[in-house]
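As structure tokens, the structure follows; a few thoughts come after it.
Protein chains in written order, with the working numbering: chain P, 182 to 324; chain W, 666 to 750.
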């Protein structure tokens, strides 16, 4: 995938690429760049978590992410924003979600990154299971 | 068995909700139109163990309890609490 052609919104069954996303933001925006990476926690209470499995209602997840993306660009006056989420089996050392935003000034970039993640976690139809020694189990959501 | 005035609604179920209805898809037979709230009652009768803390989506958008379902061709989905990120 050419970095300039990186999609702004992406649901991927392959590992996410933070370097590609960082480069794409840098190409398209000058000023302040903020990035967020979410990775799996390796423990549930005292049990080891070996991976996460992400499921999605893909067409609706893309539609909701498009709405969030458009709103973030407008409200926070961003020059660019990328939101990439992993689907399928996500290893414990892989990125589960990446957000990268660029704005002329840092405050809008920080606030936008936080807002995008809050919106994603509250309304985008994606679900995760934790893979434990005795099976995989849906995670109870928390803010 | 679907009666002469009844329609079959195809419902998609995701996440935890899919565990209570035998998979990711089921059908509900009903006359139309009905509201989303009425659909929720029918689902509760069919799958009493399914937690009711889900949202309903119609045509890829979240729908209120007052939203009217007037066609068997709408894409309807059960959206339990999401846990992305």
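Ideal placement from N, C-alpha and C gives every residue a C-beta, glycine not left out.
- Considering only W:710, W:741, W:712, the residue with the shortest C-alpha distance to residue 720 of chain W is W:741.
- DSSP, reduced to helix, strand and coil, places residue 294 of chain P within a helical segment of the structure shown.
- Contact check between the region 226-243 of chain P and the region 280-297 of chain P: fewer than three CB pairs, one atom from each, fall below 8 Å, which does not count as touching.
- Taking a C-beta distance under 9 Å as the contact criterion, residue 246 of chain P and residue 193 of chain P do not qualify as a contact pair.
- The criterion of a C-beta distance shorter than 9 Å is not satisfied by residue 723 of chain W and residue 697 of chain W.
- Taking 8 Å as the upper bound for CB-CB distance, residue 278 of chain P and residue 750 of chain W are in contact here, some 5 Å apart.
- Of the candidates P:238, P:209, P:253, P:297, P:238 places its Cα closest to the Cα of residue 308 of chain P.
- Interface annotation, residue 249 of chain P: not in contact with chain W, CB-CB separation never under 9 Å.
- Proximity of chain W to residue 304 of chain P at the Cβ level (cut-off 7 Å) is accounted for by 747, in chain order.
- Only those residues of the region 214-225 of chain P whose C-beta falls short of 8 Å from the nearest C-beta of chain W are listed: 219.
- Here residue 672 of chain W has 697, 737 as same chain residues with Cβ atoms under 6 Å from its own Cβ, once five neighbours each way along the sequence are excluded.
- In the displayed model, residue 204 of chain P falls within a helix according to three-state DSSP.
- CA-to-CA, the gap between residue 714 of chain W and residue 684 of chain W works out to about 10 Å.
- With contact defined as three or more Cβ pairs closer than 8 Å, the region 200-213 of chain P and the region 244-264 of chain P are in contact.
- Cβ neighbours of residue 691 of chain W within its own chain (closer than 6 Å, five residues either side excluded): 676.
- Look at residue 679 of chain W: its C-beta is under 9 Å from a C-beta on chain P.
- In terms of Cβ geometry, residue 298 of chain P and residue 219 of chain P form a close pair [threshold 9 Å].
- Boundaries of the beta strand (DSSP E) harbouring residue 264 of chain P: 261-267, taken from the DSSP string.
- Taking 9 Å as the threshold, the shortest C-beta distance from residue 728 of chain W to chain P does not fall below it.
- If one requires a minimum length of 4 residues, the alpha helix (DSSP H) runs lying completely within the region 696-750 of chain W are 701-711, in chain order.
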